[in-house]
Ligand SMILES: Nc1ncnc2c1ncn2[C@@H]1O[C@H](COP(=O)(O)OP(=O)(O)OP(=O)(O)O)[C@@H](O)[C@H]1O
Ligand SMILES: [Mg+2]
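Protein chains in written order, with the working numbering: chain A, 1 to 334; chain B, 335 to 593.
So this is what it looks like as structure tokens:
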């Protein structure tokens with residue numbers, strides 16, 4: 001055999017699609033790689049297909065077509081082997097309310113083959129780290145939602161998988177727990193070399209944690225890359241105009257492109273902000289829209305998100321998205 | 335070899351998980367014991383004055399005759415509604431979590447059915463305890479009681495797995511509840527649980543020949559009442575095959591539940 005093997009890919013997804021019974025095309029021919037040891041983010045509006053993709057990778061859902069490899073192993077071939085390498089924190093709380101916090105950790109550490117000698121220390125450490133030591137022997141059904149979430153995250157600290165899937169991990173956490181969770185994700189990643197696959201709606205979180213990320217929209221990957229590169233790729237400046245009435249949802253192309261419209265504000269991405277500013281003001285005046293304020297900034301990850309997803313183009317459209325999300329919510333736990 | 339060890343340890347861990355839940359809250363089990371108690375105390379006592387060798391297939395009181403049937407019935411009730419619980423676990427995301435662990439899927443079925451057989455044993459102990467309280471004269475020597483427990487374990491595992499299979503197709507708690515309840519009565523009445531097969535019309539006799547409950551009751555009745563063991567090996571073989579079939583089918587369709 002040749003030595004000096006190329007760096008291992010943690011996940012290789014090729015031409016993956018998923019059509020749910022009923023014809024919803026949740027994932028539409030996506031391909032991407034996740035490198036071993038990186039934090040990979042999956043962003044996208046509600047219903048974009050993030051959870052569906054994760055479920056296929058962790059062998060819970062069957063792809064309609066395409067292939068998935070986890071550390072070189074085809075998930076359709078040896079799903080048990082794949083599952084032995086991964087941890088999963090689902091989008092909906094899934095800890096067992098009829099067991100105590102300690103028992104939840106104990107049972108799952110056994111299922112993940114954590115050595116008996118390692119269990120007590122790791123469980124204690126995880127409980128301490130997530131601030132649950134005092135409640136270790138209470139039934140989890142008496143916990144608050146955020147505490148359940150923390151317990152769920154503690155599970156992966158005990159099991160230390162090779163790759164961890166976190167589906168919106170900071171949902172429902174208070175600011176302190178959220179920061180703790182970020183710290184914990186970084187610790188797992190840098191100290192234990194765990195590859196992290198995270199989905200989030202929180203751009204700050206994505207910016208803070210992810211080495212690379214993909215933005216999904218309607219089942220497709222709209223764009224992917226390092227957060228810095230994505231921000232730079234948008235280029236130009238962002239003009240935010242506050243208005244006293246609903247602004248127009250488009251502007252002439254030479255002024256720039258509208259990335260976000262709300263009832264009393266408008267964001268326009270433009271190549272040269274300083275030059276475009278007076279023109280934008282003139283244009284809006286001519287449209288009969290009174291301007292209450294105007295500012296210039298460089299793009300953030302939010303703007304990248306808005307540019308590449310349908311959610312950003314017109315907020316009215318997002319009502320339908322919300323309804324979709326509700327429906328998805330009812331099915332969320334599956 | 336490693337995978338066999340893994341299988342056994344996963345199954346035991348999942349059984350342990352369920353056992354811990356029973357330990358935290360066993361009130362449900364006690365409530366489930368009310369029904370068999372009523373059958374014995376009300377139904378059985380009312381009929382027990384009726385001494386008929388035709389009804390009890392021997393010189394036994396009706397209470398003696400029906401005891402094995404009531405054990406079987408109480409276990410059946412616990413097992414056949416297991417699917418409701420499983421769908422609830424699915425809805426709460428717990429099953430999804432469990433299936434994302436390296437535990438082999440069949441070991442999840444074995445673990446959960448094993449735990450359910452613990453509930454079954456509990457019911458058997460309650461009913462046997464009641465027969466003592468009511469002064470029903472049964473052959474309760476240790477080997478026979480162990481024999482009854484073994485049958486109960488197999489039987490509970492079989493019907494729990496059956497219920498898991500059904501739940502994968504029915505998909506909601508309410509449908510599973512309705513279907514499970516609709517199923518118990520025909521199974522119960524088309525068996526030798528509360529009257530002998532010889533009293534049934536021809537067509538019903540055929541039905542009861544393929545009803546696993548008949549084999550269960552026959553085996554237990556041989557052990558705790560008649561002491562005639564000739565049919566027992568056949569009974570146990572039939573139950574064993576049925577159990578295996580149900581476990582395999584549950585393992586195959588379990589994943590359907592989380593898709
Ligand atoms: N079990 C299911 N059966 C049918 N359709 C489903 C099922 N699960 C999800 N969908 C649909 O697939 C699409 C993608 O859903 P998915 O849950 O993957 O989105 P998501 O990106 O995770 O969204 P969110 O940010 O809201 O969690 C949605 O249109 C949803 O309604
Ligand atoms: Mg999701």
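Glycine is no exception: its CB is placed at the ideal position from the N, C-alpha and C atoms.
Worksheet item: Is it the case that the Cβ atoms of residue 158(A) and residue 122(A) are separated by a distance below 8 Å?
Response: yes
Worksheet item: For the candidate residues 296(A), 29(A), 68(A), 50(A), whose alpha-carbon lies nearest to that of residue 200(A)?
Response: 50(A)
Item to complete: Taking only heavy atoms of ligand 3 into account, decide whether any of them is closer than 7 Å to the Cβ of residue 51(A).
Response: Ligand 3 is absent from the structure shown, which contains only ligand 1 and ligand 2.
Worksheet item: With respect to 7 Å, is the separation between the Cβ of residue 218(A) and the closest non-hydrogen atom of ligand 2 below this value?
Response: no
Worksheet entry | Partner residues on chain A for residue 593(B), Cβ-Cβ distance less than 8 Å | 60, 61, 62, 334
Worksheet item: Alpha carbon to alpha carbon, how far is residue 565(B) from residue 513(B)?
Response: 32 Å
Worksheet item: In terms of residues, what are the limits of the alpha helix (DSSP H) holding residue 543(B)?
Response: 536-543
Item to complete: Since I believe residue 549(B) is in contact with residue 572(B) (beta carbons under 8 Å), could you give me their beta-carbon distance rounded to a whole number of angstroms?
Response: 5 Å
Fill in: residue 436(B) versus residue 499(B) - alpha carbon distance
21 Å
Worksheet item: Hey, does residue 110(A) have any beta-carbon neighbour from chain B nearer than 8 Å?
Response: yes
Discussion item. Out of 404(B), 503(B), 558(B), which one is the CA nearest neighbour of residue 367(B)?
Written reply: 404(B)
Discussion item. Could you tell me which whole alpha helix (DSSP H) segments of length 4 or greater appear in the region 209-253 of chain A?
Written reply: 227-234
Discussion item. Please state the DSSP three-state secondary structure of residue 194(A).
Written reply: coil
Worksheet item: Whose C-alpha, out of 230(A), 183(A), 216(A), 306(A), is nearest the C-alpha of residue 209(A)?
Response: 183(A)
Discussion item. Helix, strand or coil, according to DSSP, for residue 505(B) in the structure here?
Written reply: coil
Fill in: Buried or exposed (CB count within 10 angstroms, at least 16 for buried), residue 407(B)
buried
Worksheet item: In terms of residue numbering, what span does the beta strand (DSSP E) encompassing residue 17(A) cover?
Response: 9-19
Worksheet item: Which same chain residues, not among the five before or five after residue 332(A), have their C-beta less than 7 Å away from its C-beta?
Response: Because residue 332(A) carries a pLDDT of 48, less than 50, the predicted location of this residue cannot be relied on, and the following value inherits that uncertainty. Within the same chain, residue 332(A) has close Cβ partners 91, 92.
Worksheet item: Closest to residue 229(A) by CA distance: which of 214(A), 242(A), 243(A), 239(A) is it?
Response: 214(A)
Discussion item. Ligand 1 and residue 22(A): does any heavy atom of the ligand fall closer than 7 Å to the residue's C-beta?
Written reply: yes
Item to complete: Pull out every residue of the region 73-102 of chain A whose Cβ sits closer than 7 Å to any Cβ of chain B, in chain order.
Response: 80, 83, 84, 88, 90, 92, 93, 94, 96, 98, 99
Worksheet entry | Proximity test, Cβ basis, 8 Å: residue 171(A) and chain B | no
Discussion item. Please report the distance separating the alpha-carbon of residue 480(B) from that of residue 343(B).
Written reply: 25 Å
Item to complete: State buried or exposed for residue 16(A), treating a residue as buried only when at least 16 other CB atoms are found within 10 Å of its CB.
Response: buried
Worksheet item: Comparing the CB of residue 199(A) with every heavy atom of ligand 2, is any distance shorter than 7 Å?
Response: yes
Item to complete: Check each candidate in 522(B), 557(B), 553(B), 556(B) and name the one with the smallest Cα separation from residue 541(B).
Response: 522(B)
Worksheet item: With a cut-off of 8 Å, does the C-beta of residue 266(A) fall near any C-beta of chain B?
Response: no
Worksheet item: For residue 89(A), which of 420(B), 419(B), 430(B) has the nearest alpha-carbon?
Response: 430(B)
Worksheet item: What residue does the alpha helix (DSSP H) around residue 412(B) start on, and which one ends it?
Response: 396-414
Worksheet entry | 7 Å Cβ shell around residue 396(B) - same chain, five flanking residues per side excluded | 378, 381, 382, 384, 389, 390
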